[in-house]
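Participant: Everything in the sequence shown is counted per the working numbering, starting at 5 for the first residue and increasing by one.
Ideal Cβ placement from N, Cα and C applies to all residues, glycine included.
The following block contains the structure, expressed as structure tokens.
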Amino acid sequence: MSKAAALNVSIERIQRDIEHLATLGQTPSGGVSRTSFSSADKQMRQWLHGQCQEHGLTMRTDGIGNIFIRAEGMNVPKAAPVCAGSHLDSVPEGGRYDGIVGSVAALEVLRVLGQAAPALQRPVEVVIFADEEGNYHHLLGSTALVDNFTWEELQQLRGREGDLLVDALSAMDWDPRHATRTALSSHDVHAFVELHIEQGPVLEESHTDIGIVTSIVGLAGGQLDFVGSQDHAGTTPMRLRRDPMQAAGSFLGQLARIASGTSSTAVLTCGLMEIEPGGTNVVPRLARLHLDFRDPDPDVLSQLEQRIIDCASNAANQYGVEASFRRMSVTAPVPLDPHIRALLREVALGRNLSVTDIPSGAGHDAQNMARLTPTAMIFIPSAGGKSHSPQEHSSWQDIEHGANVLLDGVVRLAQA
């Protein structure tokens, strides 16, 4: 086994960090609501800056809010870094482990390396991605590292509450135009590894310690508008109404059929709806559905989008309204690097941990990073398969196992 076997993370330090971060944006249910660029996000960034000062690390932030952290004082040749990390934002009423485990573990890797100072051939860098959860755009921060957003694109991006991304960046005291200059080249990163909770039941049900991710699902987002006629709810006969909510309801009732009719692996979700003008005594003018759809096959993803459009058109015709679909984002499915996967399997087995290959049905920043550099992911078990929920949980032992595999893998990659 390599020298990395002599190094170990401090689970006490990791636990302290995760429990503290759970208080930033904590909700009455015990969940976490920490949207990027919110007040809770600002607190998180201040905490992270304090950690860097305490442990002799340097921290910089790019124009769209991605954070990069390195250990100073290590005698390492100048070269493209090995990167590790995840995200620290959450969905509304989310859990305390999604993204947080991978980010805190990557920070702990730097703290361990700063103390132990092993011989490395290239630096190690932590990346904390902005808005992974897609308040403004699916995988916003990592997308910006692969492809620069144009100023016109940035000006169009709005959050769940209707706020503009450029305004949110300005409120952070940043120049929003700097967010158009964030893309890295393949020469800027040697490799990327992300530790994450599985967010599903497979590892727990099979009593497996570590999942080595084989591929990440493709995911897309779109805005589906049904537009009808705004009328009085009491005086407009049902037969004369052009009610977009009826068309939206008909469409929503077909979500499972639309997905299963495309592929056995396809999924389609509407988790957010806007109604205008929004009064109980008004037949609405607009019903806007925000859709999330996924499949491991890019061709199936395209077919699924067309089925959404066709079924929406049929529902609109049935109720005499108009339907229009606007694609908001597409992130292609990707296989992960076989060489890094083999290395991670080796170091996990070297720690006497059970290992299995596993695909990811959730989207991750790693799938954008895979377009830039050799990339791999490590999964640890999720209790009951629960995620994006206050009930999300992973044991400290599982977190320690995953963090140590991340540590070993990063060191091996940085020694090559």
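In the DSSP assignment, find the unbroken beta strand (DSSP E) run with Glu326 in it and report its ends.
Facilitator: Position 322 of the sequence shown, counted from the start, is the residue given in the question as residue 326. That run of the beta strand (DSSP E) goes Glu326 to Thr335.
Participant: Work out the CA separation of His294 and Val231 for me, nearest whole Å.
Facilitator: Locating residue 231 in the sequence shown gives position 227, where the first residue counts as 1. Locating residue 294 in the sequence shown gives position 290, where the first residue counts as 1. Taking the straight line joining both Cα atoms gives about 15 Å.
Participant: Does the region 94-114 come close enough to the region 182-196 that 3 or more CB-CB pairs lie under 8 Å?
Facilitator: Counting Cβ pairs under 8 Å, fewer than three are found: no touch.
Participant: From the DSSP output, read off the bridge partner residues of Met381.
Facilitator: The sequence position of residue 381 within the sequence shown is 377, counting from 1. Partner(s): Glu198.
Participant: Is there contact here, the region 311-320 with the region 242-261, by at least three beta-carbon pairs under 8 Å?
Facilitator: A contact exists between the region 311-320 and the region 242-261.
Participant: Do you know how far the Cα of Ala319 is from the Cα of Val325?
Facilitator: Sequence index remark: in the sequence shown, residue 325 carries index 321 (1-based). Sequence index remark: in the sequence shown, residue 319 carries index 315 (1-based). Spanning the two alpha carbons is a distance of roughly 8 Å.
Participant: In chain order, what residues of the same chain have a beta carbon less than 6 Å from the beta carbon of Arg375, not counting five sequence neighbours either side?
Facilitator: Residue 375 sits at position 371 when you count from the first residue of the sequence shown. If we look at Arg375 and ignore the five residues flanking it on each side, its Cβ neighbours are Val150.
Participant: Identify, in the order they occur along the chain, each residue of the same chain with its Cβ nearer than 6 Å to the Cβ of Arg1, setting aside the five sequence neighbours on each side.
Facilitator: Outside the displayed range of the chain (5 to 420) lies residue 1, so it cannot be described from this structure.
Participant: Under the rule that 16 or more other beta-carbon atoms within 10 Å means buried, what is Arg345, buried or exposed?
Facilitator: Taking the first residue of the sequence shown as 1, we reach residue 345 at position 341. The residue in question, Arg345, is buried, as its Cβ has 16 or more Cβ neighbours within 10 Å.
Participant: For Ile344, does the three-state DSSP call read helix, strand or coil?
Facilitator: For the purposes of this step, residue 344 is identified with residue 340 of the sequence shown, where counting begins at 1. DSSP places Ile344 in helix when its eight states are reduced to three.
Participant: Helix or strand or just coil, what does DSSP make of Ser189?
Facilitator: Walking along the sequence shown from the start, residue 189 turns up at place 185. Coil at Ser189, not helix or strand.
Participant: Tell me the DSSP bridge mates of Pro339?
Facilitator: Position 335 of the sequence shown holds residue 339. According to DSSP, which records beta bridges pairwise, Pro339 is partnered with Ser219.
Participant: Could you check which residue in Ala366, Pro337 and Glu112 has the C-alpha nearest to that of Pro302?
Facilitator: Locating residue 302 in the sequence shown gives position 298, counting from the first residue. Of the listed residues, the one whose Cα sits closest to Pro302 is Pro337.
Participant: Does DSSP put Ile18 in a helix, in a strand, or in coil?
Facilitator: Position 14 of the sequence shown, counted from the first residue, corresponds to residue 18. In this structure, Ile18 counts as helix in the three-state DSSP scheme.
Participant: Which residues bound the alpha helix (DSSP H) around Ile312?
Facilitator: Along the sequence shown, read from residue 1 onward, the residue named residue 312 stands at position 308. Segment Pro302 to Gln322, the alpha helix (DSSP H) holding Ile312.
Participant: Nearest by alpha-carbon distance to Ile73: which of Asp179, Asp171, Ala327 and His53 is it?
Facilitator: Here residue 73 refers to the residue found at position 69 when the sequence shown is read from its first residue. Per the Cα distances, His53.
Participant: Do Thr62 and Ile71 have their beta-carbon atoms positioned less than 8 Å apart in this structure?
Facilitator: Start at 1 with the first residue of the sequence shown, and residue 71 comes out as number 67. Start at 1 with the first residue of the sequence shown, and residue 62 comes out as number 58. Contact: no.
Participant: By how many angstroms is the C-alpha of Ala251 removed from the C-alpha of Gly110?
Facilitator: Numbered from 1 along the sequence shown, position 106 holds the residue referred to as residue 110. Numbered from 1 along the sequence shown, position 247 holds the residue referred to as residue 251. Looking at the sequence shown, residue 110 is not Gly but Ala. Each residue's alpha carbon lies about 47 Å from the other.
Participant: Drop a sphere of 10 angstroms on the beta-carbon of Met381, count the other beta-carbons inside from all chains shown, and report buried for 16 or more, exposed for fewer.
Facilitator: Here residue 381 corresponds to residue number 377 of the sequence shown, with the count starting at 1. Buried.
Participant: Within 10 angstroms of its Cβ, does His91 collect 16 or more other Cβ (buried), or is it exposed?
Facilitator: Here residue 91 refers to the residue found at position 87 of the sequence shown. Classification of His91: buried, given that the 10 Å Cβ count is 16 or more.
Participant: Report the CB separation of Gly222 from Leu305 in whole angstroms; it is logged as a contact under 8 Å.
Facilitator: Counted from its first residue, the sequence shown places residue 222 at position 218. Counted from its first residue, the sequence shown places residue 305 at position 301. Sure, about 5 Å apart at Cβ, within 8 Å.
Participant: Can you check DSSP and say which residues form a bridge with Gly98?
Facilitator: Counting from 1 along the sequence shown, the entry for residue 98 is found at position 94. For Gly98, which the question treats as bridged, DSSP gives the partners Val36.
Participant: May I have the straight-line CA-CA distance separating Val409 from Asn372, to the nearest angstrom?
Facilitator: The residue given as residue 409 occupies position 405 in the sequence shown. The residue given as residue 372 occupies position 368 in the sequence shown. One C-alpha to the other measures close to 22 Å.
Participant: Applying the 10 Å Cβ sphere with the 16-neighbour rule, what's the burial state of Asp361?
Facilitator: Stepping through the sequence shown from its first residue, residue 361 is reached at position 357. Its Cβ having fewer than 16 others within 10 Å, Asp361 is exposed.
Participant: Closer than 8 Å is the cut-off here; do at least three beta carbon pairs connect the region 164-175 with the region 348-365?
Facilitator: Segments in contact, no.
Participant: What does the alpha-carbon distance come out to for the pair Val415 and Gly389?
Facilitator: Taking the first residue of the sequence shown as position 1, residue 415 is located at position 411. Taking the first residue of the sequence shown as position 1, residue 389 is located at position 385. Approximately 30 Å between the Cα atoms of the pair.
Participant: For Glu76 and Ile104, what's the separation of their Cα atoms in angstroms?
Facilitator: As a first step, residue 76 must be located in the sequence shown, where it is residue number 72. As a first step, residue 104 must be located in the sequence shown, where it is residue number 100. The alpha-carbon atoms of Glu76 and Ile104 are separated by roughly 23 Å.
Participant: Straight-line CA distance for Leu417 to Pro85?
Facilitator: Taking the sequence shown and counting its residues from 1, one reaches residue 417 at position 413. Taking the sequence shown and counting its residues from 1, one reaches residue 85 at position 81. One C-alpha to the other measures close to 10 Å.
Participant: For the beta strand (DSSP E) holding Asp299, just list the boundary residues, first then last.
Facilitator: Numbered from its first residue, the sequence shown carries residue 299 at position 295. Here the beta strand (DSSP E) through Asp299 covers Leu290 to Asp299.
Participant: Using 8 Å as the threshold, is the C-beta distance between Glu278 and Arg292 below it?
Facilitator: As a first step, residue 278 must be located in the sequence shown, where it is residue number 274. As a first step, residue 292 must be located in the sequence shown, where it is residue number 288. Yes. Within cutoff.
Participant: For Gly399 and Ile22, what's the separation of their Cα atoms in angstroms?
Facilitator: Residue 399 sits at position 395 when you count from the first residue of the sequence shown. Residue 22 sits at position 18 when you count from the first residue of the sequence shown. In the sequence as presented, Gly is not what sits at residue 399; that position holds Ser. One C-alpha to the other measures close to 12 Å.
Participant: Provide the residue(s) that pair with Phe230 in DSSP beta bridges, ordered along the chain.
Facilitator: The residue you call residue 230 lines up with position 226 of the sequence shown. Beta-bridge pairing links Phe230 to Ala291 and Ala327.
Participant: Can you list, in chain order, the residues of its chain whose CB lies under 6 Å from that of Phe133, leaving out five sequence neighbours each side?
Facilitator: Mapped onto the sequence shown, residue 133 falls at position 129. So the qualifying residues of the chain are Asn70, His91, Gly145, Ser146 and Asp369.
Participant: In this structure, does DSSP put Asp402 in helix, strand or coil?
Facilitator: Here residue 402 refers to the residue found at position 398 of the sequence shown. In this structure, Asp402 counts as helix in the three-state DSSP scheme.
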